[in-house]
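K.L.:
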Amino acid sequence: MSTKGIFTALSGAMAQTLKMDTIANNIANVNTTAFKKDQQTFSEYLSAVEKEQQVIQVPRVPASIESFYDMNGGDKAFVDSAGTYTNFEQGSLKSTGGKLDVAIDGAGFFEIATPQGIKLTRAGNFTIDNSGQLVSKDGHAVMMQLPEGENPAEISPEQRTVRFSGQNQVYISDGGEVFDGENKIGQLSVIQVKNTEALQKTGNNLYDFKANMAPEITQLKNPSLKQGYLETSNVNIINEMTDMIMSQRVFEGTQKAIQAYDQMADKLINQVGNTKG
Amino acid sequence: MIKSLNTAATGMIAQQSNMDVVANNIANVNTTGFKKGRAEFEDLIYHNLKDPGQASGLQSVTPTGVQTGLGVRTAAVQKDFSMGQVISTKNPLDLHIEGNGFFQVRTQDGEMAFTRDGSFKKDPSGKIVDKNGNALIPEITVPAEAMSVEIRPSGEVACLMEANAEPQILGQIEIVNFINPAGLKNTGKNLYVSTPASGQPTTYRPGTSGTGYLAQGELETSNVNIVDEMVNMITAQRAYETNSKVVQTADQMLQTAVNVR
Numbered sequence: 013m014s015t016k017g018i019f020t021a022l023s024g025a026m027a028q029t030l031k032m033d034t035i036a037n038n039i040a041n042v043n044t045t046a047f048k049k050d051q052q053t054f055s056e057y058l059s060a061v062e063k064e065q066q067v068i069q070v071p072r073v074p075a076s077i078e079s080f081y082d083m084n085g086g087d088k089a090f091v092d093s094a095g096t097y098t099n100f101e102q103g104s105l106k107s108t109g110g111k112l113d114v115a116i117d118g119a120g121f122f123e124i125a126t127p128q129g130i131k132l133t134r135a136g137n138f139t140i141d142n143s144g145q146l147v148s149k150d151g152h153a154v155m156m157q158l159p160e161g162e163n164p165a166e167i168s169p170e171q172r173t174v175r176f177s178g179q180n181q182v183y184i185s186d187g188g189e190v191f192d193g194e195n196k197i198g199q200l201s202v203i204q205v206k207n208t209e210a211l212q213k214t215g216n217n218l219y220d221f222k223a224n225m226a227p228e229i230t231q232l233k234n235p236s237l238k239q240g241y242l243e244t245s246n247v248n249i250i251n252e253m254t255d256m257i258m259s260q261r262v263f264e265g266t267q268k269a270i271q272a273y274d275q276m277a278d279k280l281i282n283q284v285g286n287t288k289g
Numbered sequence: 144m145i146k147s148l149n150t151a152a153t154g155m156i157a158q159q160s161n162m163d164v165v166a167n168n169i170a171n172v173n174t175t176g177f178k179k180g181r182a183e184f185e186d187l188i189y190h191n192l193k194d195p196g197q198a199s200g201l202q203s204v205t206p207t208g209v210q211t212g213l214g215v216r217t218a219a220v221q222k223d224f225s226m227g228q229v230i231s232t233k234n235p236l237d238l239h240i241e242g243n244g245f246f247q248v249r250t251q252d253g254e255m256a257f258t259r260d261g262s263f264k265k266d267p268s269g270k271i272v273d274k275n276g277n278a279l280i281p282e283i284t285v286p287a288e289a290m291s292v293e294i295r296p297s298g299e300v301a302c303l304m305e306a307n308a309e310p311q312i313l314g315q316i317e318i319v320n321f322i323n324p325a326g327l328k329n330t331g332k333n334l335y336v337s338t339p340a341s342g343q344p345t346t347y348r349p350g351t352s353g354t355g356y357l358a359q360g361e362l363e364t365s366n367v368n369i370v371d372e373m374v375n376m377i378t379a380q381r382a383y384e385t386n387s388k389v390v391q392t393a394d395q396m397l398q399t400a401v402n403v404r
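As they're listed, the protein sequences go chains L and U. As numbered in the working numbering, residues 13 to 289 make up the first sequence, in order. As numbered in the working numbering, residues 144 to 404 make up the second sequence, in order.
(1) If you draw a straight line from the C-alpha of Met304 (chain U) to the C-alpha of Thr284 (chain U), how long is it?
(2) Beta carbon of Val248 (chain U), beta carbon of Asp273 (chain U): below 8 Å?
(3) Starting from the beta carbon of Asp237 (chain U), find every residue of chain L whose beta carbon is closer than 8 Å, and list them in chain order.
(4) List, in chain order, every chain U residue whose beta-carbon is nearer than 9 Å to that of Phe19 (chain L).
(5) Could you give the first and the last residue of the continuous beta strand (DSSP E) run that contains Met255 (chain U)?
(6) So, does the CB of Gly276 (chain U) fall closer than 8 Å to a CB anywhere in chain L?
(7) Going by C-alpha distance, which of L:Ser143, L:Glu123 and L:Gln171 is nearest Asn323 (chain U)?
(8) What's the C-alpha gap between Leu313 (chain U) and Phe177 (chain U)?
(9) State the CB to CB distance for the pair Leu192 (chain U) and Gln210 (chain U), rounded to an integer number of angstroms; the pair is presumed to be in contact (CB under 8 Å).
(10) In whole angstroms, what is the alpha-carbon distance linking His239 (chain U) and Thr364 (chain U)?
(11) Mind checking the region 135–159 of chain L against chain U and listing, in chain order, the residues whose C-beta falls within less than 8 Å of any C-beta there?
(12) For chain L, is any of its Cβ atoms less than 8 Å away from the one on Met396 (chain U)?
(13) Got a sec: which bits of the region 91–113 of chain L sit with their beta carbon under 8 Å from any beta carbon on chain U, in order along the chain?
(14) What does Thr290 (chain L) touch in chain U if you count any residue whose Cβ is under 9 Å from its own?
(15) Under a three-way DSSP split, which group does Thr126 (chain L) fall into?
(16) Using a Cβ-Cβ distance under 8 Å, would Val205 (chain L) count as near chain U?
(17) Closer than 8 Å, CB to CB, is Tyr189 (chain U) near chain L or not?
(18) Does Met396 (chain U) pass the burial test, meaning 16 or more other C-beta atoms within 10 Å, or should it be called exposed?
(19) I'd like the list of long-range same chain contacts for Asn145 (chain L), defined as Cβ closer than 6 Å, with 5 residues on each side in sequence excluded.
(20) When the Cα of Asn41 (chain L) is compared with those of U:Glu183, U:Ala182, U:Asp163 and U:Gly154, which residue comes out closest?
(21) Report the option in U:Asn234, U:Ser268, U:Arg295 and U:His190 whose CA atom is closest to the CA atom of Gln315 (chain U).
(22) Measure the Cβ-Cβ separation of Gln212 (chain L) and Asp220 (chain L) and say whether it is below 8 Å.
(23) Decide if the region 241–252 of chain L is in contact with the region 226–234 of chain U; the criterion is three or more beta carbon pairs, one per stretch, under 8 Å apart.
(24) Quickly, what does DSSP pair Val272 (chain U) with across the bridge? List them, please.
(25) Near Pro169 (chain L), which residues of its chain fall below 6 Å by C-beta distance, leaving aside the five closest residues on each side in sequence?
(26) Using only alpha-carbon positions, find the residue among U:Ala308, U:Gly331, U:Leu279 and U:Thr378 that is nearest to Thr174 (chain U).
(27) Assuming Val319 (chain U) contacts Thr346 (chain U) under a Cβ cut-off of 8 Å, what Cβ separation, rounded to an integer in Å, is found between them?
(28) Name the chain L residues whose beta carbon is nearer than 8 Å to that of Gln210 (chain U)?
(29) Taking CB distances under 8 Å as the criterion, tell me whether Ala40 (chain L) reaches chain U.
(30) With 8 Å as the threshold, decide whether the Cβ of Gly240 (chain L) is near any Cβ in chain U.
(31) For the ligand GDP, is there a heavy atom less than 7 Å away from the beta-carbon of Ala393 (chain U)?
(32) Name the chain U residues that come within less than 8 Å of Leu30 (chain L), Cβ to Cβ?
(33) Does the beta-carbon of Thr392 (chain U) have 16 or more other beta-carbons within 10 angstroms, so that it is buried, or is it exposed?
(34) Taking its Cβ as the centre, do 16 or more other Cβ atoms sit within 10 Å of Ile270 (chain L), making it buried, or is it exposed?
(35) Determine, using beta carbons only, whether Gly269 (chain U) and Pro286 (chain U) come nearer to each other than 8 Å.
(36) Express the C-alpha separation of Gly208 (chain U) and Ala223 (chain L) in angstroms, rounding to a whole number.
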């Protein structure tokens with residue numbers, strides 16, 4: 013008898029811990045503007061995938077004990093975290109009445125110029141800084157679309173920022189056009205990423221592209237925005253609580269399995285192996 | 144598990160500050176010229192357990208990475224400068240700015256402060272001051288023998304000395320505006336002071352460059368909407384409770400792990 017299955021149970025416990033961490037983060041961000049929930053996925057990790065491919069051994073005798081134990085690596089199976097998937101489902105829109113609050117209705121992301129390069133966000137709770145520039149909550153400039161017919165190479169990122177004079181009422185239309193009083197300054201840049209799995213969260217409501225995946229980006233010419241609204245978090249408390257209960261019980265189950273293996277080892281060592289009889 | 148305990152704690156702290164903002168809004172529901180605040184949140188950094196594209200076997204790579212977030216923080220308390228309701232008081236020194244802008248006053252320590260509370264008074268020398276005795280800038284003194292004071296929409300202050308005399312101009316009330324009013328700092332007593340985020344104040348005659356005209360005998364009430372605040376309070380409380388459940392669950396899971404042996 014072997015007790016190496018204790019490590020399989022342990023891998024299950026560790027996987028549930030990871031799932032619990034993700035649920036805790038989702039619940040903590042239940043009121044975060046435009047937060048998108050994360051989901052952990054798990055897969056079976058067979059040690060067979062580490063082995064070289066071999067010629068398949070055809071059993072000589074049908075369903076013998078020998079062929080039963082030929083598990084093709086399945087004897088060393090662990091739970092492995094396969095990936096974190098961000099669920100980009102639309103969050104509901106909440107009316108705030110703010111002049112500079114914009115929600116994206118549908119797919120798309122705003123472009124934000126951070127010191128680490130351009131990042132994406134769906135949080136449209138913008139504000140104006142002391143120089144009249146439209147900025148995100150962290151003070152990074154919000155980018156506009158390139159003007160029609162301009163060469164992207166000739167336009168510096170500074171020319172794509174939104175700058176208000178501060179003397180007029182500011183207004184952002186549902187198509188993303190930015191007005192300073194009567195003057196149209198430009199149009200907010202809203203880009204769509206076809207393969208959202210190429211995005212990675214970097215905190216502060218921002219997304220960045222993963223280093224080794226090619227994102228498919230298209231610029232939305234006429235984005236569907238809602239001024240005076242903010243997108244709420246798409247975390248559903250009921251789902252998260254249910255997942256949390258499940259995660260807790262599975263965790264308890266794996267602990268029971270570990271206990272069972274421990275008791276088996278105890279019997280093996282202290283009763284079977286007892287030579288004093 | 145320890146991570147989810149901390150994550151839930153950040154969630155509880157964030158909802159606490161949400162609740163603090165709501166409480167202050169509700170407390171100031173009858174404060175003249177009060178502007179409500181709104182707590183805004185953002186997620187913290189993410190812990191990358193496995194980078195995307197890392198080998199998961201001899202011939203396979205992970206298509207997505209594994210990352211867990213570490214919680215939430217309050218990014219800002221955004222002030223909402225939308226207009227409050229107007230109440231008519233018929234008091235000649237009650238002023239209401241019908242649009243953007245702030246009155247400027249000089250506080251006792253000589254600093255400039257800004258306010259939207261237009262309930263001005265006269266001090267013993269006839270100078271126009273706010274409730275706390277801070278002088279309205281530019282200073283205007285109403286003579287003791289004046290019969291009535293008239294403040295015109297464009298800010299001109301005139302008084303009538305005798306029943307049939309021409310009104311006598313006493314001065315001009317100027318209002319200031321900021322490029323980013325949300326960057327002003329509250330100092331209590333309905334006063335704001337300028338900060339590097341708000342930019343420098345620019346002085347205007349009322350009604351010019353996007354500022355509002357003045358209305359005499361009216362006051363601006365608080366822009367707090369009780370229904371909104373009650374809903375925010377319920378959301379904050381329930382979110383707080385949910386986060387505390389996460390703490391409990393994480394604690395129970397730790398207990399299970401400890402009791403294995």
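C-beta atoms are modelled at their ideal positions from N, C-alpha and C, and glycine is treated no differently.
P.N.:
In brief:
(1) Within the second sequence, numbered from 1, the residue matching residue 304 (chain U) stands at position 161. Within the second sequence, numbered from 1, the residue matching residue 284 (chain U) stands at position 141. Taking the straight line joining both Cα atoms gives about 14 Å.
(2) The residue you call residue 248 (chain U) lines up with position 105 of the second sequence. The residue you call residue 273 (chain U) lines up with position 130 of the second sequence. Yes, the pair counts as a contact, with Cβ atoms nearer than the cut-off.
(3) For the purposes of this step, residue 237 (chain U) is identified with residue 94 of the second sequence, where counting begins at 1. By Cβ distance, chain L contributes nothing, its closest Cβ being about 26 Å from Asp237 (chain U), past 8 Å.
(4) Along the first sequence, one-based indexing puts residue 19 (chain L) at 7. Under the 9 Å cutoff, chain U gives no residues; its nearest Cβ is about 14 Å from Phe19 (chain L).
(5) The sequence position of residue 255 (chain U) within the second sequence is 112, counting from 1. Run containing Met255 (chain U): Met255 to Thr258, per the beta strand (DSSP E) assignment.
(6) By 1-based counting over the second sequence, the position of residue 276 (chain U) is 133. Judged by the 8 Å Cβ criterion, Gly276 (chain U) is not in contact with chain L.
(7) For the purposes of this step, residue 323 (chain U) is identified with residue 180 of the second sequence, where counting begins at 1. The option with the nearest alpha carbon to Asn323 (chain U) is L:Ser143.
(8) Locating residue 313 (chain U) in the second sequence gives position 170, counting from the first residue. Locating residue 177 (chain U) in the second sequence gives position 34, counting from the first residue. Rounded to the nearest angstrom, the two C-alpha atoms are 29 Å apart.
(9) Counted from its first residue, the second sequence places residue 192 (chain U) at position 49. Counted from its first residue, the second sequence places residue 210 (chain U) at position 67. Indeed, because the Cβ distance is near 6 Å, the residues count as touching under 8 Å.
(10) Residue mapping note: residue 239 (chain U) aligns to position 96 of the second sequence, counting from 1. Residue mapping note: residue 364 (chain U) aligns to position 221 of the second sequence, counting from 1. Between His239 (chain U) and Thr364 (chain U), the alpha-carbon positions lie close to 10 Å from each other.
(11) Listed in sequence order: Ala135, Asn137, Thr139, Ile140, Asp141, Asn142, Ser143, Gly144, Lys149 and Asp150.
(12) For the purposes of this step, residue 396 (chain U) is taken as residue 253 along the second sequence, with counting starting at 1. The beta carbon of Met396 (chain U) falls within 8 Å of a beta carbon belonging to chain L, placing the residue at that interface.
(13) Among the residues of the region 91–113 of chain L, those with a Cβ less than 8 Å away from any Cβ of chain U are Asp92, Ser93, Ala94, Gly95, Thr96, Tyr97, Thr108, Gly109 and Gly110, in the order of the chain.
(14) As shown, chain L starts at 13 and ends at 289. That puts residue 290 (chain L) outside it, with no answer to give.
(15) Indexing the first sequence from 1 puts residue 126 (chain L) at position 114. Strand.
(16) By 1-based counting over the first sequence, the position of residue 205 (chain L) is 193. Closer than 8 Å: no.
(17) Counting from one through the second sequence, the residue named residue 189 (chain U) turns up at place 46. It does: the Cβ of Tyr189 (chain U) has a partner Cβ on chain L nearer than 8 Å.
(18) The residue you call residue 396 (chain U) lines up with position 253 of the second sequence. Result: buried.
(19) On the first sequence, position 133 is the one that residue 145 (chain L) refers to. Note on identity: in this sequence residue 145 (chain L) is Gln, with Asn being the wrong assignment. Listed in chain order, the non-local C-beta contacts of Gln145 (chain L) below 6 Å within the same chain comprise Ala153, Thr173 and Arg175, local neighbours out to five positions each way being set aside.
(20) In the first sequence, counting from the first residue as 1, residue 41 (chain L) sits at position 29. With distances taken between Cα atoms, Asn41 (chain L) lies closest to U:Gly154.
(21) In the second sequence, the residue the question calls residue 315 (chain U) occupies position 172. The residue with the shortest Cα to Cα distance from Gln315 (chain U) is U:Arg295.
(22) Locating residue 212 (chain L) in the first sequence gives position 200, counting from the first residue. Locating residue 220 (chain L) in the first sequence gives position 208, counting from the first residue. Against a cut-off of 8 Å, the Cβ pair of Asp220 (chain L) and Gln212 (chain L) comes out as a contact.
(23) Verdict: no, contact absent.
(24) As a working mapping, residue 272 (chain U) is identified with position 129 in the second sequence. In DSSP, Val272 (chain U) forms a bridge with U:Lys264 and U:Ala278.
(25) On the first sequence, residue 169 (chain L) is found 157 positions in, with the first residue counted as 1. Excluding positions up to five away in sequence, the list reads Ala125.
(26) The sequence position of residue 174 (chain U) within the second sequence is 31, counting from 1. Of the candidates U:Ala308, U:Gly331, U:Leu279 and U:Thr378, the one whose C-alpha sits nearest the C-alpha of Thr174 (chain U) is U:Gly331.
(27) Here residue 319 (chain U) refers to the residue found at position 176 when the second sequence is read from its first residue. Here residue 346 (chain U) refers to the residue found at position 203 when the second sequence is read from its first residue. Contact holds; Cβ gap of about 5 Å.
(28) Counted from its first residue, the second sequence places residue 210 (chain U) at position 67. The answer, in chain order, is Asp50, Thr96, Gln212 and Lys213.
(29) Position 28 of the first sequence holds residue 40 (chain L). Closer than 8 Å to the CB of Ala40 (chain L) there is at least one CB belonging to chain U.
(30) In the first sequence, the residue the question calls residue 240 (chain L) occupies position 228. No, no contact with chain U.
(31) No copy of the ligand GDP occurs in the structure displayed, which carries no ligand at all.
(32) One-based indexing of the first sequence puts residue 30 (chain L) at position 18. Within chain U, the residues Leu192, Val209 and Thr211 have their CB atoms less than 8 Å from the CB of Leu30 (chain L), given in chain order.
(33) One-based indexing of the second sequence puts residue 392 (chain U) at position 249. Flag for Thr392 (chain U) reads buried.
(34) Taking the first residue of the first sequence as position 1, residue 270 (chain L) is located at position 258. By the beta-carbon neighbour count (other beta carbons within 10 angstroms, threshold 16), Ile270 (chain L) is buried.
(35) In the second sequence, counting from the first residue as 1, residue 269 (chain U) sits at position 126. In the second sequence, counting from the first residue as 1, residue 286 (chain U) sits at position 143. Closer than 8 Å, so yes.
(36) Counting from one through the first sequence, the residue named residue 223 (chain L) turns up at place 211. Counting from one through the second sequence, the residue named residue 208 (chain U) turns up at place 65. Cα atoms of Ala223 (chain L) and Gly208 (chain U): separation of roughly 11 Å, rounded to the nearest angstrom.
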